[in-house]
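Asker: Sending over a structure as structure tokens; questions will come in a sec.
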Amino acid sequence: MADIFDDFPRRFPLAHLPTPLAEMKHLRAALGPHCPRLFIKRDDCTGLAGGGNKTRKLEFLIGEALAQGADTIVTTGALQSNHARQTAAAAVAAGLRATLVLMDMVPYDGRRYRSSGNRLLDEILGADVVVVPTGENPADVFKRVMGGIETRGGKSYFIPAGGSNATGSLGYAAAYIEIADQLAALGVARTRIVHASSSGGTQAGLVAGQGFREKGPAVHGINVYRADGEAMAGDILKLAVATAAKLGLPPPGADSLILEEGYMGARYGMPTPGMVEAVELVARTEAVLLDPVYTGKAMAGMIDLLRRGKFAEDETLVFLHTGGTPGLFAYEEEFLGTSN
Ligand SMILES: *Cc1c(COP(=O)(O)O)cnc(C)c1O
Numbered sequence: 002m003a004d005i006f007d008d009f010p011r012r013f014p015l016a017h018l019p020t021p022l023a024e025m026k027h028l029r030a031a032l033g034p035h036c037p038r039l040f041i042k043r044d045d046c047t048g049l050a051g052g053g054n055k056t057r058k059l060e061f062l063i064g065e066a067l068a069q070g071a072d073t074i075v076t077t078g079a080l081q082s083n084h085a086r087q088t089a090a091a092a093v094a095a096g097l098r099a100t101l102v103l104m105d106m107v108p109y110d111g112r113r114y115r116s117s118g119n120r121l122l123d124e125i126l127g128a129d130v131v132v133v134p135t136g137e138n139p140a141d142v143f144k145r146v147m148g149g150i151e152t153r154g155g156k157s158y159f160i161p162a163g164g165s166n167a168t169g170s171l172g173y174a175a176a177y178i179e180i181a182d183q184l185a186a187l188g189v190a191r192t193r194i195v196h197a198s199s200s201g202g203t204q205a206g207l208v209a210g211q212g213f214r215e216k217g218p219a220v221h222g223i224n225v226y227r228a229d230g231e232a233m234a235g236d237i238l239k240l241a242v243a244t245a246a247k248l249g250l251p252p253p254g255a256d257s258l259i260l261e262e263g264y265m266g267a268r269y270g271m272p273t274p275g276m277v278e279a280v281e282l283v284a285r286t287e288a289v290l291l292d293p294v295y296t297g298k299a300m301a302g303m304i305d306l307l308r309r310g311k312f313a314e315d316e317t318l319v320f321l322h323t324g325g326t327p328g329l330f331a332y333e334e335e336f337l338g339t340s341n
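The following block contains the structure:
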């Protein structure tokens, strides 16, 4: 199928697309008689060394890095960053090196938090990892890292946290078309995509992508990242406008940006009881593994909103599974009942 994204010759193929769209009948039954139809879009199955949503963004980012002649990708994230792990894998696939500057920013003291999950996969994938302790200025670390690459005659390409700039967000504008067309093929109308939002590129891309499909799904983000939700929504809208501009689409309006509050808990990366309940419920009804930092909290939000009757019964919800399952291994005590 030809589409406008074929006009971006710099797209470097990394993802197994399209990802599956499956109905969650057992979860729906578990949530009671008034629950609308539920689907799940399996972007945990994008296929790149554990999968996840960053893979779609990286197709465009790595493409740009190659076009610029870079030999080393530099990116950043939390210690258990799914983005950093997928970037390390994408660099391998493209024959590039990767330096991950990881922030020790989540005050979680789980036994495996600093050694397992994504952190372990970063090592196995052969990335150069620099951990920035709390209190150290990240800017100094970046300067040192970039300087080191230059000194050895290399050329770096910097990807911001989460791959969330207008280039990365192209991946989710393309994904919006994929989702809208899968739903249309099933004859499902009045749909809403629900997903975890953090650095914002996923939501910005989806919202920009609405410009391609007039009657396509609404986009409903759930904030799992920032305490200042309003500023975050403003930033995501700006990114959506920039992404739409890249695609020659009209700028999305503020009313297209829905960012639900109340499900992050104390702060980013810290477990909540709702997250644990959601991870276990979805595993035990649908055999789908969510993650502790993003999709578990987003699913907890969707379930809570459903229980409170916040969605119309004749609407169909599509939960976008953005990946992150390696993170489960970094948070084992939450699921073994052995925390605290
Ligand atoms: C990064 C990430 C998100 C959030 O996507 P953004 O584009 O950063 O908002 C959601 N889920 C998982 C598993 C992620 O790794």
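In my numbering, the protein residues as written are 2 to 341. C-beta atoms are modelled at their ideal positions from N, C-alpha and C, and glycine is treated no differently.
Nearest to residue 33 by CA position, among 339, 338 and 314, is which residue?
Answerer: Along the sequence shown, one-based indexing puts residue 33 at 32. Considering only alpha carbons, the answer is 314.
Asker: With hydrogens ignored, establish whether the beta-carbon of residue 116 is closer than 6 Å to any heavy atom of ligand 1.
Answerer: If you number the sequence shown from 1, residue 116 lands on position 115. It does not: the Cβ of residue 116 is nowhere closer than 6 Å to a heavy atom of ligand 1.
Asker: Comparing the CB of residue 105 with every heavy atom of ligand 1, is any distance shorter than 6 Å?
Answerer: Taking the sequence shown and counting its residues from 1, one reaches residue 105 at position 104. No, the Cβ of residue 105 stays beyond 6 Å of every heavy atom of ligand 1.
Asker: What are the boundary residues of the beta strand (DSSP E) that residue 318 is part of?
Answerer: Within the sequence shown, the letter at position 317 stands for residue 318. Element bounds for residue 318: 317 to 322.
Asker: Taking only the alpha-carbon atoms, compute the straight-line gap between residue 261 and residue 92 and give it to the nearest angstrom.
Answerer: Along the sequence shown, read from residue 1 onward, the residue named residue 261 stands at position 260. Along the sequence shown, read from residue 1 onward, the residue named residue 92 stands at position 91. Computed Cα separation, rounded: 34 Å.
Asker: Exposed or buried, what is residue 218 when buried is set at 16 or more other beta-carbons lying within 10 Å of its beta-carbon?
Answerer: Taking the sequence shown and counting its residues from 1, one reaches residue 218 at position 217. By the 10 Å Cβ count, residue 218 comes out buried.
Asker: From the DSSP secondary-structure annotation, give me the bridge partner or partners of residue 237.
Answerer: In the sequence shown, residue 237 corresponds to position 236, counting from 1. Paired residue(s): none; residue 237 is not in a bridge.
Asker: Does the count of Cβ pairs from the segment 166 to 179 and the segment 73 to 84 closer than 8 Å reach three?
Answerer: Contact between the segment 166 to 179 and the segment 73 to 84 is absent, because fewer than three Cβ pairs lie under 8 Å.
Asker: Expressed to the nearest angstrom, what Euclidean distance is found between the alpha-carbon atoms of residue 155 and residue 112?
Answerer: Here residue 155 is taken as the residue at index 154 of the sequence shown, counted from 1. Here residue 112 is taken as the residue at index 111 of the sequence shown, counted from 1. Rounded to the nearest angstrom, the two C-alpha atoms are 37 Å apart.
Asker: Should residue 347 go down as buried or exposed, given a rule of 16 or more other Cβ atoms within 10 Å for buried?
Answerer: No answer is possible for residue 347: it lies beyond the span of the chain, which begins at 2 and ends at 341.
Asker: To the nearest angstrom, how far is it from the Cα of residue 238 to the Cα of residue 57?
Answerer: What you label residue 238 is simply residue 237 of the sequence shown in a count that begins at 1. What you label residue 57 is simply residue 56 of the sequence shown in a count that begins at 1. Distance between the alpha carbons of residue 238 and residue 57: 20 Å.
Asker: Is the beta carbon of residue 197 within less than 6 Å of some heavy atom of ligand 1?
Answerer: Locating residue 197 in the sequence shown gives position 196, where the first residue counts as 1. Checking the Cβ of residue 197 against ligand 1 gives yes.
Asker: Less than 6 Å between C-beta atoms, sequence neighbours within five positions excluded: which residues of the same chain meet that for residue 2?
Answerer: Indexing the sequence shown from 1 puts residue 2 at position 1. Caution is warranted here: a pLDDT of 45 is assigned to residue 2, below 50, making its placement in the model unreliable, and no coordinate value can be reported.
Asker: In the DSSP output, which residue or residues are listed as bridge partners for residue 158?
Answerer: Counted from its first residue, the sequence shown places residue 158 at position 157. Partner(s): 74.
Asker: Who are residue 216's beta bridge partners in DSSP?
Answerer: By 1-based counting over the sequence shown, the position of residue 216 is 215. Its beta-bridge partners do not exist; DSSP assigns none.
Asker: State buried or exposed for residue 342, treating a residue as buried only when at least 16 other CB atoms are found within 10 Å of its CB.
Answerer: Residue 342 lies beyond the range of the chain shown here (2 to 341); nothing can be said about it.
Asker: Classify residue 35 as buried or exposed, calling it buried when 16 or more other Cβ atoms lie within 10 Å of its own Cβ.
Answerer: Within the sequence shown, numbered from 1, the residue matching residue 35 stands at position 34. Burial call: exposed.
Asker: List the whole-angstrom C-beta distance separating residue 346 from residue 225, where the pair is believed to meet the contact cut-off of C-beta under 8 Å.
Answerer: The requested residue 346 does not occur in the structure, where the chain is confined to residues 2 to 341.
Asker: What is the DSSP secondary structure of residue 83, reduced to helix, strand or coil?
Answerer: Within the sequence shown, the letter at position 82 stands for residue 83. Note: residue 83 maps to helix in three-state DSSP.
Asker: Tell me, which residues are paired with residue 99 by DSSP?
Answerer: Residue 99 sits at position 98 when you count from the first residue of the sequence shown. BP columns for residue 99 point to 74.
Asker: Could you tell me the alpha carbon to alpha carbon distance between residue 121 and residue 215, rounded to whole angstroms?
Answerer: Here residue 121 corresponds to residue number 120 of the sequence shown, with the count starting at 1. Here residue 215 corresponds to residue number 214 of the sequence shown, with the count starting at 1. Rounded to the nearest angstrom, the two C-alpha atoms are 43 Å apart.
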